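What follows is a short report on a single structure.
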Amino acid sequence: MSTSDRNYDDFASVIPVIEGIDNGRVLGLVAAEFERYKERTPKSAALLERARKHLINGVPTTWHSDWGLPYSFYVDRAKDATLWDIDGNEYIDFNLADTPAIFGHSPDNEVTRGIADQLLNGGLTTMAPTEDAVVVSELLAEHYALPYWYITLSASDSARNAINIARSVTGRSKILMFNLGYHGTCDETLCWRPRPGHDVVHRWSHLRPGIDAGAYTSVAEFNDLDQVEAALRNEDVAILMSEPHLTDGGFTYPIEGWHEGLRELCDRYGTLLLIDETHTQTAGPGGLTREWGLEPDLFMSGKCIAAGMPVGVIGMSEDVAKRYGALLNEGDPSAMGGCMGQGTTNSANAICVKALRLSLEHNFTDATYAKMNANMNSIERGMNEVIEKHGAGFRTDRFGARMNISFLPERAYDAKYALQGIGFGGLHEYWTYYCLNRGVLFIPFFNMIITSPYHTPDNCERVVQLWDEVIANLFDR
Ligand SMILES: Cc1ncc(COP(=O)(O)O)c(C=O)c1O
Numbered sequence: 052m053s054t055s056d057r058n059y060d061d062f063a064s065v066i067p068v069i070e071g072i073d074n075g076r077v078l079g080l081v082a083a084e085f086e087r088y089k090e091r092t093p094k095s096a097a098l099l100e101r102a103r104k105h106l107i108n109g110v111p112t113t114w115h116s117d118w119g120l121p122y123s124f125y126v127d128r129a130k131d132a133t134l135w136d137i138d139g140n141e142y143i144d145f146n147l148a149d150t151p152a153i154f155g156h157s158p159d160n161e162v163t164r165g166i167a168d169q170l171l172n173g174g175l176t177t178m179a180p181t182e183d184a185v186v187v188s189e190l191l192a193e194h195y196a197l198p199y200w201y202i203t204l205s206a207s208d209s210a211r212n213a214i215n216i217a218r219s220v221t222g223r224s225k226i227l228m229f230n231l232g233y234h235g236t237c238d239e240t241l242c243w244r245p246r247p248g249h250d251v252v253h254r255w256s257h258l259r260p261g262i263d264a265g266a267y268t269s270v271a272e273f274n275d276l277d278q279v280e281a282a283l284r285n286e287d288v289a290i291l292m293s294e295p296h297l298t299d300g301g302f303t304y305p306i307e308g309w310h311e312g313l314r315e316l317c318d319r320y321g322t323l324l325l326i327d328e329t330h331t332q333t334a335g336p337g338g339l340t341r342e343w344g345l346e347p348d349l350f351m352s353g354k355c356i357a358a359g360m361p362v363g364v365i366g367m368s369e370d371v372a373k374r375y376g377a378l379l380n381e382g383d384p385s386a387m388g389g390c391m392g393q394g395t396t397n398s399a400n401a402i403c404v405k406a407l408r409l410s411l412e413h414n415f416t417d418a419t420y421a422k423m424n425a426n427m428n429s430i431e432r433g434m435n436e437v438i439e440k441h442g443a444g445f446r447t448d449r450f451g452a453r454m455n456i457s458f459l460p461e462r463a464y465d466a467k468y469a470l471q472g473i474g475f476g477g478l479h480e481y482w483t484y485y486c487l488n489r490g491v492l493f494i495p496f497f498n499m500i501i502t503s504p505y506h507t508p509d510n511c512e513r514v515v516q517l518w519d520e521v522i523a524n525l526f527d528r
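Residue numbers (my numbering): 52 to 528.
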């Protein structure tokens with residue numbers, strides 16, 4: 052793929068054209084699934100009418116209306132790997148809230164019981180640290196090989212504060228990120244370059260009238276070290292932010308030497324390197340940072356880290372922590388925004404820190420990940436057999452308990468190719484809604500499947516069965 056093909060905002064060019072599949076016919080199949088959805092969810096439809104009076108689109112956050120469905124279903128309850136909507140429909144949950152619930156919904160175990168005990172007997176928030184916070188810092192240091200830790204309320208919150216810390220210690224204002232990278236809802240990272248030569252702008256509906264995104268954010272293509280060097284050369288970039296590999300627009304894998312190259316360029320130009328592990332914790336108890344031996348200056352995570360309680364973390368190297376600590380100790384206002392804190396007043400509250408401790412102790416273990424991986428092994432094997440049986444040029448890619456389905460044949464090293472592989476424009480939607488109407492839930496934004504320790508062999512077999520049906524229907528067999 053040539054660089055000039057990277058027009059991310061040209062939706063037509065993102066839709067894959069696959070021999071033997073009629074995209075128009077597939078859109079008809081999607082429309083039929085929408086009708087089926089409406090028949091299955093009359094109570095959600097009725098509640099929506101009431102909900103619209105005081106909630107925009109009838110939901111409390113846009114994430115709940117981003118499913119692309121005619122309307123959201125409302126959840127009655129969730130337990131282990133199962134979720135029920137208010138119409139009584141039961142779903143095997145392979146979305147798991149986009150990873151926060153990978154260790155199960157309200158599992159009957161020491162983590163849930165410990166959180167409940169803190170809730171009933173220990174207090175929720177005190178604006179003073181508990182011993183749990185100290186234990187947490189020791190556990191995080193063990194997991195990720197970074198010595199210093201800061202606790203926030205979400206991964207987005209970590210991104211915002213990691214940028215603040217980097218700016219404070221480097222005295223520089225800019226950030227560098229990769230096209231189609233996502234690091235949460237902070238202004239600096241909701242940016243992209245929609246096509247080559249275009250200015251960097253805020254993405255989609257994140258309008259910031261009068262604010263020039265390019266003034267504080269630079270965007271390079273993933274796997275292009277020349278673009279990275281061009282962005283860093285002026286020595287005005289405080290922080291380079293990246294996932295180990297991109298996961299939010301399909302999987303884009305790093306080329307050989309990529310991470311070493313980033314490390315070397317950041318060292319050369321005095322930019323701090325941040326690895327965002329938020330979405331790749333499914334790889335294992337130390338994420339891809341440990342598995343690949345990455346050596347970031349700053350690290351962030353969130354989502355599943357505290358078993359679904361809202362927590363984000365920031366890890367710092369000795370050098371960054373010393374420089375940041377020196378600023379704080381000398382009372383330099385550039386570090387703290389006057390004498391106010393970094394993050395929100397309710398950060399590191401007692402209940403969230405308890406959940407973080409329990410999750411690191413009991414969830415982030417080889418034994419837990421072995422169960423999650425065993426479930427994913429059987430899905431991966433089954434789905435690949437189905438692909439082969441149908442002679443379809445699709446593929447699965449995986450790290451640990453997370454799998455990405457691509458409707459294209461090659462592993463993606465280019466973000467545009469990864470985006471095309473999602474199959475927006477019919478394939479992705481048909482797969483997602485066909486399964487949803489038959490009791491299997493996936494995230495609606497990209498083709499991700501996540502396994503928890505609580506999925507059963509039957510649950511995994513059901514995914515494979517549905518994949519077989521969907522491929523047969525796509526090729527009209
Ligand atoms: C890589 C990455 N970083 C950060 C975030 C932000 O997480 P949160 O929405 O929990 O703040 C996300 C969310 O999907 C993510 O995928």
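From the three backbone atoms N, C-alpha and C, an ideal C-beta is built for every residue, glycine too.
Quantities reported herein were computed from a predicted structural model and do not represent experimental measurements.
- DSSP, reduced to helix, strand and coil, places residue 370 within a helical segment of the structure shown.
- Taking the C-beta atoms as reference points, residue 324 is found nearer than 9 angstroms to residue 290.
- Distances between the C-beta of residue 188 and the heavy atoms of ligand 1 are all 8 angstroms or more.
- Using a C-beta cut-off of 8 angstroms, the segment 503-523 makes no contact with the segment 164-175, since fewer than three inter-stretch Cβ pairs fall below that distance.
- Here the distance from the Cβ of residue 89 to the nearest heavy atom of ligand 1 is not below 8 angstroms.
- Within the same chain, Cβ atoms closer than 6 angstroms to the Cβ of residue 426 are found at 502, 506 and 511, the five residues on either side in sequence being excluded.
- In this structure, the alpha-carbon of residue 122 lies about 8 angstroms from that of residue 99.
- Of the other Cβ atoms in all chains shown, 16 or more fall within 10 Å of the Cβ of residue 348; this residue is therefore buried.
- A direct Cα-to-Cα measurement between residue 412 and residue 399 gives close to 17 angstroms.
- Beta-carbon to beta-carbon, residue 81 and residue 480 are separated by about 5 angstroms, close enough to satisfy the 8 angstroms threshold.
- Here DSSP, grouped into helix, strand and coil, assigns residue 360 to coil.
- In this structure, the straight-line span from the alpha carbon of residue 187 to that of residue 408 is close to 5 angstroms.
- Where residue 275 is concerned, there is no enclosing beta strand (DSSP E), because DSSP gives it neither an H nor an E.
- Residue pairing from DSSP places residue 199 in a beta bridge opposite 367.
- Shown here for residue 191: same chain residues with a beta carbon closer than 8 angstroms to its own, the five before and five after excluded, namely 197, 200, 364, 366 and 411 in chain order.
- Following the DSSP letters along the chain, one finds residue 209 inside the alpha helix (DSSP H) bounded by residues 206-221.
- About 6 angstroms separates the Cβ atoms of residue 219 and residue 375, confirming a contact at the 8 angstroms cut-off.
- In summary, residue 62 is exposed, with fewer than 16 beta-carbon neighbours lying within 10 Å of its beta-carbon over all protein chains present.
- For residue 509, the enclosing alpha helix (DSSP H) covers residues 508-525.
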